[in-house]
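Here is the structure we will look at.
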Ligand code: 13P
Ligand code: SF4
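Numbering (the working numbering), first residue to last: 331 to 726.
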């Protein structure tokens, strides 16, 4: 497609920067005035709007957000903590979610009908969540039925997924998990599945594999990867029969780029270094690391370490930079030279936050996230199952 060709993209991709084709720039168009990033008064405008709104608004900030946005967050956290924080504020009519679309959907599902969840830029999606479409997941389930294994399979779906897939999970007796509680969720699901039972883990193959092998002591060859673009996932009936973990072929485009070579290089170049990575990284990276955990665990581990500890961190760059600034007594480096910010998390910037808050002050609700009530009902079943998991519900 050339620059002048303005046909809508036939692909469900977010193609940015063309200007000529607004259909491909979902969420880029903001009704009203989006302030210029260069406006020197932005910080003051955000402060004034937030003060004018008072308790009417509650701002949530995921750890991967830019500093300029985190500054205005009432709470920060990983996806699990923010879901709980949203549910714990029934008094706030407006929840501004500075994170990505699936997080705002989950907040909408967990909050009351009287509350409105707002995503400052609708283009803040998640490439991993987009790797599993509900139609594909339903087709995959039909394949499992045909292979005779569906009645022994429990879906475990990572928070990083659409509300429709969370609803699918609720309908099929499964649970949602986050990187904080994946071990508990998987233990519960395998127990539910019974003798010879299986888990269909969606959509992040790495979190599923890492949790099964590293946390539960499972065998790597107990895992198969289901490719939604191939008939029967590219697997034979026997492979499905023999597997314990059926991993959806999805990954994070940020964490998937951290490499074993970078871990080895860090160990060569920094004596006594400790490597800490997010469980969305590839299995070989996780195996080579000293510590593995959610964003919340990464922060707590570094905060608790003695001064002078040398860290190499494999997670999103906004968070790693903030850690380096917050803990100057520790030596903190980024694991890989060629990995940068999560581009969709970075869609939420100060101009979009100011636009959102000032619109609320003017009585206009922009970018509300409203999940269809039937979808929300079934997704809530799976989210509530996560919140009711036995034992520790919030494991870092
Ligand atoms: P957390 O569950 O650690 O917040 O991670 C969410 C996410 O999107 C990681 O890429
Ligand atoms: Fe999605 Fe990866 Fe960005 Fe997290 S870091 S929001 S999983 S693309």
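From the three backbone atoms N, C-alpha and C, an ideal C-beta is built for every residue, glycine too.
Beta-carbon within less than 8 Å of residue 442's beta-carbon, same chain only, minus the 5 sequence neighbours each way: which residues are those? By 1-based counting over the chain shown, the position of residue 442 is 112. Correct list, in chain order: 420.
Distance between beta carbons of residue 608 and residue 624, contact taken as under 8 Å: For the purposes of this step, residue 624 is taken as residue 294 along the chain shown, with counting starting at 1. For the purposes of this step, residue 608 is taken as residue 278 along the chain shown, with counting starting at 1. Rounded, the Cβ-Cβ distance is 7 Å, consistent with contact.
Suppose only complete runs of 4+ residues qualify. What are the alpha helix (DSSP H) ranges in the region 579-606, listed by chain order? 590-599
Would residue 604 and residue 578 be called neighbours here (beta carbons separated by less than 7 Å)? Here residue 604 is taken as the residue at index 274 of the chain shown, counted from 1. Here residue 578 is taken as the residue at index 248 of the chain shown, counted from 1. No, they are not a contact pair.
Determine the extent of the beta strand (DSSP E) in which residue 554 is found, giving its start and end residues. Your numbering for residue 554 matches position 224 in the chain shown. Segment 553-556, the beta strand (DSSP E) holding residue 554.
Exposure of residue 638, with buried meaning 16 or more beta-carbon neighbours within 10 Å: Your numbering for residue 638 matches position 308 in the chain shown. Exposed.
To the nearest angstrom, how far is the alpha carbon of residue 483 from that of residue 555? The count along the chain shown starts at 1 and reaches residue 483 at position 153. The count along the chain shown starts at 1 and reaches residue 555 at position 225. If I take the Cα positions, the gap works out to 15 Å.
Could you check which residue in 468, 526, 428 has the C-alpha nearest to that of residue 452? Taking the first residue of the chain shown as 1, we reach residue 452 at position 122. For residue 452, the nearest C-alpha among the options comes from 428.
Under the three-state DSSP convention, the category residue 354 falls into: To locate residue 354, count along the chain shown from 1; it is residue 24. Note that residue 354 scores 45 on pLDDT, short of 50, meaning its location in the model is unreliable; the coordinates nonetheless yield the value given after this. If DSSP states are grouped into helix, strand and coil, residue 354 belongs with the helices.
Excluding the five sequence neighbours on either side, which residues of its own chain have a C-beta within less than 6 Å of the C-beta of residue 461, listed in chain order? Sequence index remark: in the chain shown, residue 461 carries index 131 (1-based). Excluding positions up to five away in sequence, the list reads 533, 580.
Have a look at 502, 402, 470, 390 and flag the residue whose alpha-carbon is nearest the alpha-carbon of residue 437. Along the chain shown, one-based indexing puts residue 437 at 107. That would be 390, whose Cα lies nearest to the Cα of residue 437.
Reduced DSSP secondary structure (H/G/I, E/B, other) of residue 495: As a working note, residue 495 is residue 165 in the chain shown. Here residue 495 sits in helix by DSSP.
Spatial neighbours of residue 364 within its chain, please: C-beta separation below 8 Å, excluding the five flanking residues on both sides. Your numbering for residue 364 matches position 34 in the chain shown. Only 681, 682, 685 meet the Cβ criterion.
Does the distance between the C-beta of residue 509 and the nearest non-hydrogen atom of the ligand 13P fall short of 6 Å? For this step, residue 509 is matched to residue 179 along the chain shown. Yes, the Cβ of residue 509 comes within 6 Å of a heavy atom of the ligand 13P.
Using the DSSP secondary-structure output, state which residues sit across from residue 621 in a beta bridge. In the chain shown, counting from the first residue as 1, residue 621 sits at position 291. DSSP, once it has assigned bridges, lists 606 as partnering residue 621.
For residue 678, which residues in the same chain have their Cβ closer than 7 Å to its Cβ, ignoring the five residues on either side in sequence? Position 348 of the chain shown, counting from 1, holds the residue named residue 678. So the qualifying residues of the chain are 395, 399, 428, 450, 451, 454.
Within 10 Å of its beta-carbon, does residue 708 have 16 or more other beta-carbons around it, so buried, or fewer, so exposed? As a working note, residue 708 is residue 378 in the chain shown. Its Cβ being crowded by 16 or more others within 10 Å, residue 708 is buried.
In chain order, what residues of the same chain lie with their CB nearer than 6 Å to the CB of residue 570, ignoring the 5 residues before and after it? Start at 1 with the first residue of the chain shown, and residue 570 comes out as number 240. Around residue 570: 477, 479.
If you run the structure through DSSP and keep just helix, strand and coil, what is residue 575? Looking up residue 575 in the chain shown gives position 245. Three-state DSSP puts residue 575 in a strand.
Between the Cα of residue 711 and the Cα atoms of 669, 506, 626, 537, which residue gives the shortest distance? The sequence position of residue 711 within the chain shown is 381, counting from 1. The shortest C-alpha separation from residue 711 is found at 506.
Decide if residue 346 is buried, meaning its Cβ has at least 16 other Cβ atoms within 10 Å, or exposed. Counting from one through the chain shown, the residue named residue 346 turns up at place 16. The predicted model places residue 346 with a pLDDT of 45, which falls under 50 and marks its position as unreliable, so this point remains unresolved.
Residue 673 to residue 646 span [Cα, whole Å]: On the chain shown, position 343 is the one that residue 673 refers to. On the chain shown, position 316 is the one that residue 646 refers to. Those two C-alpha atoms are separated by around 10 Å.
Strictly by DSSP, which residues pair up with residue 391? Counting from 1 along the chain shown, the entry for residue 391 is found at position 61. Residue 391 is bridged to 406, 428.
I want to check one thing, is the minimum distance from the CB of residue 415 to the heavy atoms of the ligand 13P below 6 Å? Here residue 415 corresponds to residue number 85 of the chain shown, with the count starting at 1. Result no, Cβ not under 6 Å from the ligand 13P.
How about residue 705 and residue 493: do their beta carbons lie closer than 7 Å? Your numbering for residue 705 matches position 375 in the chain shown. Your numbering for residue 493 matches position 163 in the chain shown. Yes, the Cβ-Cβ distance between residue 705 and residue 493 is below 7 Å.
Note down the Cα distance separating residue 715 from residue 504, rounded to an integer number of angstroms. What you label residue 715 is simply residue 385 of the chain shown in a count that begins at 1. What you label residue 504 is simply residue 174 of the chain shown in a count that begins at 1. Between residue 715 and residue 504, the C-alpha separation is close to 8 Å.
For residue 430 and residue 448, I'd like the C-alpha separation in whole angstroms. Position 100 of the chain shown holds residue 430. Position 118 of the chain shown holds residue 448. Taking the straight line from one Cα to the other gives about 11 Å.
Under a three-way DSSP split, which group does residue 505 fall into? Numbered from 1 along the chain shown, position 175 holds the residue referred to as residue 505. Correct three-state label for residue 505: strand.
Would you kindly report the start and end of the unbroken alpha helix (DSSP H) that includes residue 380? Your numbering for residue 380 matches position 50 in the chain shown. Element bounds for residue 380: 372-383.
Enumerate, from N- to C-terminal direction, the unbroken alpha helix (DSSP H) stretches of 4 or more residues contained entirely within the region 672-721. 680-691, 703-717
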